[in-house]
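The structure under discussion appears below in the form of structure tokens.
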Amino acid sequence: MKHLYKKLSLLVLATLVSTMTMAQSADEYLVEVVFFGQPSASLVMGTPPDLDWADNAVKLDETARSDVQSIDPTRFRLSQEARKLEQNGYQIYLHQAWTQPLDNDLDVALSKGEADNGIYPIQGLVNLSKDNLMEIAVSFWRNRKASDLQMSGASIVSENLHQRRPLRLNETHYLDHQSLGMLVRVSR
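Residues -23 to -1, 1 to 165 (mature numbering (1 follows the signal peptide of the UniProt record, and there is no 0)) are what the sequence shown spells out, left to right.
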């Protein structure tokens, strides 16, 4: 009888762990973004990012959160689309993917390159939320030194793609801007 009790206890424990793992993965979303420049587009200056642009966000390259994790590039789902963009003259500034829970208050911060006084060459924020519909909000910047562009005035010249839009799971969405663009895909 004692032996049967042990086996039943182990079975219940295994079922409980399995159920918790399934529930945990059911709340996990894979978010992928490809941020790129339009070929031959004129520079469209935007508002530069604030120095505290990522203070309330989870920085993907620094996070210790187990529910927000960068994924290996071999699992990217937009690689073929990114290659096609490059073949057609588009410049890929950032291609990143990660897993995260659906949390309206979670902003994920991405950056690429070396920061100059807190400003990265490429930086952005992504927020995945759901009220009635699933929505994504992005704010991405391409920042360049004015001296590199032979411009005077400000020290940094920024282009900014800022959009909020509804999306469907497992579909690729295109966010447009005069000089920038973004592909976004959210799946489970």
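Think of the CB as a built atom: it goes at the ideal place given N, C-alpha and C, for glycine as much as any other residue. Fair warning: this is a prediction, and the values are worked out from it, not measured in the lab.
- Per the coordinates, the alpha-carbon of V10 lies some 27 Å from the alpha-carbon of A123.
- Assignment of S132 by DSSP, reduced to helix, strand and coil, places it in the coil class.
- When the beta-carbon positions are compared, V8 and W75 come within less than 8 Å of each other.
- As for any beta strand (DSSP E) of minimum length 3 sitting wholly inside the segment 84 to 156, the runs are 84 to 89, 99 to 107, 111 to 122, 133 to 143 and 149 to 153, ordered along the chain.
- Straight-line measurement puts the Cα of R121 at about 13 Å from the Cα of T24.
- Annotated as proximal: Q15 and S156, with beta-carbon spacing under 8 Å.
- Counting only unbroken stretches of 4 or more residues, the alpha helix (DSSP H) elements lying wholly within the segment 33 to 71 are 56 to 64, in sequence order.
- Nearest in C-alpha terms to V35, of all of L55, T51, D80 and R52, is D80.
- Straight through space, the alpha carbons of S17 and V85 are spaced by roughly 30 Å.
- The C-beta separation of L62 from S47 comes to about 21 Å, leaving the pair out of contact by the 8 Å criterion.
- Residue nearest to R141 within the set H154, D153, I113 and W118 is I113 (criterion: CA-CA distance).
- Looking at the DSSP output, A74 sits in a beta bridge with E9.
- Burial check for S88: the Cβ neighbour count within 10 Å reaches 16 or more, so the residue is buried.
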